[in-house]
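Novice: Chains A, B, C and D, in that order, give the protein sequences. Residue 163 in my numbering sits at position 163 of the first sequence, with consecutive numbering throughout. Residue 374 in my numbering sits at position 31 of the second sequence, with consecutive numbering throughout. Residue 734 in my numbering sits at position 48 of the third sequence, with consecutive numbering throughout. Residue 1308 in my numbering sits at position 279 of the fourth sequence, with consecutive numbering throughout. Think of the CB as a built atom: it goes at the ideal place given N, C-alpha and C, for glycine as much as any other residue. Quick caveat, the model's predicted, so the values are computed rather than measured.
There are 4 protein chains.
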Amino acid sequence: MRLLIKRFVGVVSVSVFLFSLLLSFPVSAAEHRYDPGDKVYFTYCHSHPPALKIKPGDKVITRTRDASNDAFAPTDKTLAPKLDLTKVNPQTGPFYIEGAEPGDTLVVKLLKVAPNRDWGWGGAIPYFGALAPEYKTQMVTDPVKDTLYVWKFNPDRTAAVLDMPKSKAGKAEVPIRSFLGTIGTAPPGKECISSLVPGPHGANMDFNEVVSGVTMYFPVFEPGALFMVGDGHAAQGDGEVMGAAIETSMDVEFTVDLIKGKTINWPRLENDKFIMSIGSTRPLIDALRIACVDLINWLVTDYGFDKMEAYQLLGQAAQIEVANVVDPQYSVACQLDKKYLPK
Amino acid sequence: MRLLIKRFVGVVSVSVFLFSLLLSFPVSAAEHRYDPGDKVYFTYCHSHPPALKIKPGDKVITRTRDASNDAFAPTDKTLAPKLDLTKVNPQTGPFYIEGAEPGDTLVVKLLKVAPNRDWGWGGAIPYFGALAPEYKTQMVTDPVKDTLYVWKFNPDRTAAVLDMPKSKAGKAEVPIRSFLGTIGTAPPGKECISSLVPGPHGANMDFNEVVSGVTMYFPVFEPGALFMVGDGHAAQGDGEVMGAAIETSMDVEFTVDLIKGKTINWPRLENDKFIMSIGSTRPLIDALRIACVDLINWLVTDYGFDKMEAYQLLGQAAQIEVANVVDPQYSVACQLDKKYLPK
Amino acid sequence: MRLLIKRFVGVVSVSVFLFSLLLSFPVSAAEHRYDPGDKVYFTYCHSHPPALKIKPGDKVITRTRDASNDAFAPTDKTLAPKLDLTKVNPQTGPFYIEGAEPGDTLVVKLLKVAPNRDWGWGGAIPYFGALAPEYKTQMVTDPVKDTLYVWKFNPDRTAAVLDMPKSKAGKAEVPIRSFLGTIGTAPPGKECISSLVPGPHGANMDFNEVVSGVTMYFPVFEPGALFMVGDGHAAQGDGEVMGAAIETSMDVEFTVDLIKGKTINWPRLENDKFIMSIGSTRPLIDALRIACVDLINWLVTDYGFDKMEAYQLLGQAAQIEVANVVDPQYSVACQLDKKYLPK
Amino acid sequence: MRLLIKRFVGVVSVSVFLFSLLLSFPVSAAEHRYDPGDKVYFTYCHSHPPALKIKPGDKVITRTRDASNDAFAPTDKTLAPKLDLTKVNPQTGPFYIEGAEPGDTLVVKLLKVAPNRDWGWGGAIPYFGALAPEYKTQMVTDPVKDTLYVWKFNPDRTAAVLDMPKSKAGKAEVPIRSFLGTIGTAPPGKECISSLVPGPHGANMDFNEVVSGVTMYFPVFEPGALFMVGDGHAAQGDGEVMGAAIETSMDVEFTVDLIKGKTINWPRLENDKFIMSIGSTRPLIDALRIACVDLINWLVTDYGFDKMEAYQLLGQAAQIEVANVVDPQYSVACQLDKKYLPK
């Protein structure tokens, strides 16, 4: 509410505020169930027909396919034979939020992101990954060898286990912390952008803090916002350095809301402890710059900070997360503990 | 011990191993007190005369000046009038570790890093800092305006407080978590490198995990290693994005040890929970690559991992820290939870 | 012809070859005149309806608006009041080339690129340009101040003159060497990409060698290729470092051809002296890598070079051109003198 | 002379000017012959004893070893067996220029750079070169395979020929255009920097325009400037993309001069047609920024340009050269045709 209240001072703003309240706290929020089946999208785009039209306050219960479009079986050893490169990173949606107009902010609260099967896959993908020749950092030497790594989930799906027969450790057990690798709205300028590419509209940020419980804010660039989700990860290290996380299909639940007339430039995330901005571009330092400058702008605009004092505070208290260093644009989050915000 | 033992297989190595044991567990470790006074250095360099000659196992109790060479008073408002650019980032040492030869690894256990005064400074430094035109990312537009920010420590030195008169929050209180911004050995190749520059020899990594309690590993490039410390920070956000942390003078205590014949290429750090490698270069992605490749090499060499399985594991479990994005070389740490190491 | 002949060895290829000949040397090449009027596009996209359907061998006579969509008058002093950011970099086309299928190569020979008015504009555009804070290299400091610079062409349009009242030189006269800043085909994967963005499909490479007389090769990703042109520049320094060239409207003439079944990954250009590949991405070094690796691949595939010998030859003879360092992706050309190709 | 004259206006400057004239046009310029033998240096450093003390106006006739310290024979096939990594890129000098003080500019006119033997070598060096995993862009995949390529010079040393037995072309003949890959002064701050590293003091810029006939300007950071040369290249493509040029030993002749009290920040080069500034750092875009900003500063300071008009002019007329993309810092030159300078 702080966000809403602080922006609407003065007589003129009151009616906008009340209208916003109406949108934000509808009398009866609906709950929608949507199973995409094979009706998935591979771009974020203004022209996709809505999967559902929903209202601010509504809840959606849906599911996502894995980044391979569910192409693999847990017995597979390589990616190439089954991976259809024209059908990578399928997205569920788009969800059309009624009342959303360009210049608004879409608010999404993630209620559930949980694997709906008992395994996921990682992989060494030729010409992909941060520590080998890739499609942008091109080289004349050989890429990594195509290898599929299958992670088995334990019965209560709290951990994923990889057999590592060539290593002394023998196996690795990683705690499951499920999140959505791809989440966002239709981009501006009538662009249709591959779901592999993150940007101002969000999408493939591959940020391992997009877990159940967080609230995200996205710019609305198109009527209805056209929100989509996909690319569930059971777990992922910072940066997703090998190019794939523990990729799996997910059950997903979320509610949506709007902040009318509030314009933001990049995705933002709030959890119990932090507010954070997420920048996506290459090179990595510019993704960091975008994230930290946007966080400073946020502090100035919504929390009454002086710009240079906010910059000084970030110098001493910012926490920076490297979300991905493998997608066509890298993603970095710049975050600040909410204890530094004015009461 | 695992590190030592696994490397010395075969008859020839036994004597080296025993010699190493002697160095590692001396009968009577000495404790040295050293106050540099104004005898500080501004380069990491093979030709600096040792401040002390110490033995593996010895403990050193010393102190460091702040990065301005203690130039400021807490009443100052700007940097330029007092800052002598030829005397920036003074280092205490070098400490000559007897028996250290090129190709060895220096082990440093930090026992104490604590401010010895009650304030520190941060600053907006023209042509410095990640979010403004700087000495490498040069621009035709104006830099930040020279401003000194003074942080006052509370009586028990657990927090630093900044007045922010232009901001609604009014002030910020950051928990003190003291660390050494600069720490390392003499570089290879008879280079003498400014103490502002981090590299394979460590130095100005500005990594906020170099706190009391950690163990660090440095390559030895010169006889005696020529270990130095400086640039104490009472606290610092990730990346040190504004170019200065909360800069202060420190009381420092550490012990040193050697791993004879063990060659590493980049600084490494171990704490209760993680092992990590620290890469320093520009651009940022290459610092990340150096750190993660070195960590993979560490896992392969010392912990029996297959290289590609280690890479896959990092993909799902690496934690990446952005240490600095303002120094002549950026620094990134790539870390792995020690629970993934074989028993 | 060398390109065509060397690829079609064996019986099966003969029919393809003959078909290709038919396409390449049609009995009667048509000449089409097309004036887009205000029917211009701001994305490169599979879904734009063709402006014309043409055949391999056909010639097109058309025109392009300037990058501002002809928004300015030569008396303007600033950009902001007149520039409609939703209508930047308008493109003429798309031209649908009959027979073009994904996996083919489109051949375009530029016959004329000539200003059709007597002035052009350059500008200092806030948050744009390589030497100031911009939309990707974001900063907290001020951007450049919005300024329009008008260049007047001499009567025979061989030179453009700028008054520089604040400089001792008083004015600058730059030789006109007209080229198309933006030229390319519809991108792959059903993406629709802003005409400001260069990539594998070409588009906004802002490469000052795309002049009359050159032959360009583009990947065909969509049926008909959907070729477009725009963004005429009367002249431009390497890199287009201030963000705009001498922007003007152009008369454009070109012929098209196809190499059936020949797949290339990035745009290529051939003039009397050089062959060159053009890579587009950020960071700049990766654009260079893409360009040079593609040129090596070209030498290997079409000219019988060993990969490493080709790499060695580039080491001693490559000429590298920085096309743009201001667009959302940077562009670099890697070129080799044709004298090094086998006879 | 323009440079000298324009700086000394006013009464106070006259004596400086006259003194400068004395230095610049000594009554009898001496000619020094110096053969370094094996007395070469591998760092640029304040503490190297002068090879010669010379006066402004003096001429030096000397020679340089090749970058391998003349380790190879033309029959060698690989680098590793003979290359001593502690003795790479040997430098001739330093030449102490009497009267040179920090803050002055050293002027060097190259009179001769010519191979003094009949072959040179290039190479595929593991973990070196722009198109393969290297020491900064580290990867887990394999580097290039160690290979030495020997180029034979024709009798009049106008061309170098490489046999390419695996390629259809069979061989390549590259015109010889000899230059010094490494040239510069002692760095500031009492640093001693590997001769492999370029920077504000010049050194290993590997810029293929440093040929006989050009005039270079270097900052003086240490008394006497301590000028050194080395790393002769018979020819090199832009960027030196494979990591080595056609490396050979050279006969070198040059004269030196001083501009007293004229402070520059980066090396500059002037030939018959262009003035240019050379920036060295990673990433590549920042080397470009340094070069172009320095050129703008040059135009403002010495030629009376308004900063933004100079920037606009560079936008339309700059020529950018990629000098090296393989050394620890990349080098880029930003150049402007001298016809744009005021008369």
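Taking 8 Å as the CB-CB limit, is C/K1024 close to chain D?
Specialist: Chain D contact via Cβ: absent.
Novice: Any idea which residues DSSP pairs A/H32 with across the strands?
Specialist: The partner list for A/H32 (beta bridge, DSSP) reads A/V60.
Novice: Where D/P1194 and D/D1105 are concerned, what is the direct C-alpha to C-alpha distance, given to the nearest angstrom?
Specialist: The straight-line gap from Cα to Cα measures roughly 16 Å.
Novice: For a contact defined as C-beta to C-beta under 7 Å, what are the partners of C/L817 on chain B?
Specialist: In chain order: M482 and V483.
Novice: Quick one: is D/P1371 buried, meaning 16 or more other Cβ sit within 10 Å of its Cβ, or exposed?
Specialist: Exposed, since its Cβ has fewer than 16 Cβ neighbours within 10 Å.
Novice: What does the Cβ neighbour count give for C/P767, buried or exposed, with the cut at 16 atoms within 10 Å?
Specialist: So C/P767 counts as exposed.
Novice: Shorter than 8 Å from the beta carbon of C/P884 to some beta carbon of chain B?
Specialist: Output row for C/P884: interface = no.
Novice: If the cut-off is 8 Å on Cβ atoms, which residues from the region 1202 to 1225 of chain D count as contacting chain B, listed in chain order?
Specialist: Answer set for the region 1202 to 1225 of chain D: G1218, K1219, E1220, C1221, I1222 and S1223.
Novice: How would you call A/A30, buried or exposed, if buried means at least 16 neighbouring beta carbons within 10 angstroms?
Specialist: Answer is exposed; the Cβ neighbour count stays below 16.
Novice: Rounded to whole angstroms, what is the Cα-Cα separation between C/K745 and C/F839?
Specialist: So the two alpha carbons sit approximately 28 Å from each other.
Novice: D/G1122 and D/F1256 look like a contact to me (Cβ under 8 Å); what is the Cβ gap, rounded to whole Å?
Specialist: Yes, they are in contact, since the Cβ atoms of D/G1122 and D/F1256 sit about 6 Å apart, within 8 Å.
Novice: With contact counted as at least three CB pairs below 8 Å, one residue from each stretch, are the region 1227 to 1238 of chain D and the region 1263 to 1278 of chain D in contact?
Specialist: The answer is yes - the region 1263 to 1278 of chain D touches the region 1227 to 1238 of chain D, with three or more Cβ pairs under 8 Å.
Novice: Between D/F1208 and D/V1142, is the Cβ-Cβ spacing less than 8 Å?
Specialist: Yes, they are a contact pair.
Novice: Which residues, in order along the region 1060 to 1071 of chain D, keep a beta-carbon less than 8 Å from a beta-carbon of chain A?
Specialist: Taking 8 Å as the Cβ-Cβ cut-off against chain A, none of the residues of the region 1060 to 1071 of chain D qualify.
Novice: Go through its chain and collect everything with a Cβ distance to B/I607's Cβ below 7 Å, but skip five positions before and after it.
Specialist: So the list reads T448, Y560 and P562, once near-sequence residues are dropped.
Novice: Quick one: which chain A residues come within Cβ less than 9 Å of B/D637?
Specialist: The premise fails here: B/D637 is roughly 11 Å from chain A at the closest Cβ pair, so nothing lies under 9 Å.
Novice: Apart from the five residues on each side of it in sequence, which residues of its chain come closer than 6 Å, Cβ to Cβ, to A/N69?
Specialist: K87 and P90, listed in sequence order.
Novice: Measuring alpha carbon to alpha carbon, tell me which residue in D/I1288, D/L1328 and D/G1261 is nearest D/S1241.
Specialist: The shortest C-alpha separation from D/S1241 is found at D/G1261.
Novice: Roughly how many angstroms separate the alpha carbons of D/V1322 and D/D1175, rounded to a whole number?
Specialist: Straight-line Cα distance between these residues: approximately 39 Å.
Novice: With respect to the alpha helix (DSSP H) encompassing B/G658, which residues constitute its N-terminal and C-terminal limits?
Specialist: Looking at the DSSP string, the run of the alpha helix (DSSP H) that includes B/G658 is K650 to A660.
Novice: Could you give the distance in angstroms between the alpha-carbon of B/A443 and the alpha-carbon of B/A568?
Specialist: Rounded to whole angstroms, B/A443 to B/A568 spans 6 Å at the Cα level.
Novice: D/P1055 CB to nearest chain A CB: under 8 Å?
Specialist: Residue placement at D/P1055 is poorly supported in this model, since its pLDDT is 49, which falls under 50; the coordinates still yield a value, given next. No, because no Cβ of chain A sits closer than 8 Å to the Cβ of D/P1055.
Novice: Out of B/Y387, B/I397, B/D629 and B/P445, which one is the CA nearest neighbour of B/H375?
Specialist: When each option's Cα is compared against that of B/H375, the closest is B/I397.
Novice: Using the Cα positions of D/F1157 and B/E534, report the straight-line distance between them to the nearest angstrom.
Specialist: Their backbone Cα atoms lie some 20 Å apart in a straight line.
Novice: In chain order, what residues of the region 955 to 977 of chain C put their CB closer than 7 Å to some CB of chain A?
Specialist: So the close ones are T967, R968, P969, D972, R975 and I976.
Novice: Apart from the five residues just before and just after D/L1317, which ones in its own chain have a Cβ nearer than 6 Å to its Cβ?
Specialist: Excluding sequence neighbours, D/L1317 sits near V1361.
Novice: May I ask you to report which of helix, strand or coil DSSP gives A/M242?
Specialist: Correct three-state label for A/M242: coil.
Novice: Can you give me the start and stop residues for the alpha helix (DSSP H) that A/W119 sits inside?
Specialist: Here A/W119 belongs to no alpha helix (DSSP H); instead the beta strand (DSSP E) covers W119 to A124.
Novice: In chain order, what residues of the same chain lie with their CB nearer than 7 Å to the CB of B/D594, ignoring the 5 residues before and after it?
Specialist: Contacts found: R406, K455, A457 and N459.
Novice: So, for B/V668: in the same chain, excluding its five sequence neighbours on each side, which residues have a beta-carbon less than 8 Å away from its beta-carbon?
Specialist: Excluding residues within five positions, the ones whose Cβ falls inside 8 Å are A473, G582, E583, V584 and L627.
Novice: Identify the continuous beta strand (DSSP E) that holds A/D337 and give its terminal residues.
Specialist: Y330 to D337 is the span of the beta strand (DSSP E), which, as asked, contains A/D337.
Novice: Does DSSP classify C/D832 as helix, strand or coil?
Specialist: Here C/D832 sits in coil by DSSP.
Novice: Would you mind telling me which residues of chain C sit closer than 8 Å to D/D1331, beta carbon to beta carbon, in chain order?
Specialist: What D/D1331 touches in chain C: nothing, since even the nearest Cβ is about 10 Å away.
Novice: Starting from D/T1115, find everything on chain B with Cβ-Cβ shorter than 8 Å and list it in chain order.
Specialist: By Cβ distance, chain B contributes G532.
Novice: Which value, in whole angstroms, describes the spacing of the CA atoms of C/G947 and C/V986?
Specialist: Going from the Cα of C/G947 to the Cα of C/V986 covers about 17 Å.
Novice: Excluding sequence positions up to five away, which residues of its chain have a Cβ less than 6 Å from the Cβ of D/P1172?
Specialist: P1155, Y1156, A1161 and P1162.
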